[in-house]
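Structure record follows, encoded as structure tokens.
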Amino acid sequence: MMTVHPEANRDSVVKKIIWLRTTYRKEFKKVLNSERSGVGEEDIYVPHLWYYDLMNFIRDQEIPNSTQSNIEDTQVNEVHIIIIFIDFFINNNKTN
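Listed below in structure tokens is the structure:
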């Protein structure tokens, strides 16, 4: 039988949804971390939440999108700027 909470309002429902997502996310991270750790298949973490499988529809929201780093480009640009500065400095000191 379904339990009804007469005092439930929008805020309490939103808080409950956030709580469900948060606990799902924690369990999902445990699963991912155990898979990434290189343990055998029999040692991969098994979620204990009774609703874990029911929440799998939000799984794609929990996996971060792959991004491209621009760190290498920034480092190359910084090195290029330093070389230009050194060339400028050397050339100006030769004429003085």
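Just so you know, we're using this note's numbering here: the sequence shown kicks off at 32 and counts up by one. The beta-carbon is built from N, C-alpha and C at its ideal position, and this holds for glycine as well.
- Taking the C-beta atoms as reference points, tyrosine 82 is found no nearer than 8 angstroms to lysine 61.
- Counting along the chain, the unbroken alpha helix (DSSP H) around aspartate 42 starts and ends at 41 to 67.
- Leucine 80 carries a coil assignment under DSSP once its states are collapsed to helix, strand and coil.
- Distance check between phenylalanine 88 and each of Leu51, Ser68, Gly69 places Leu51 closest, using alpha-carbon atoms only.
- A Cβ-Cβ separation of about 6 angstroms places glutamate 58 in contact with leucine 80 under the 8 angstroms criterion.
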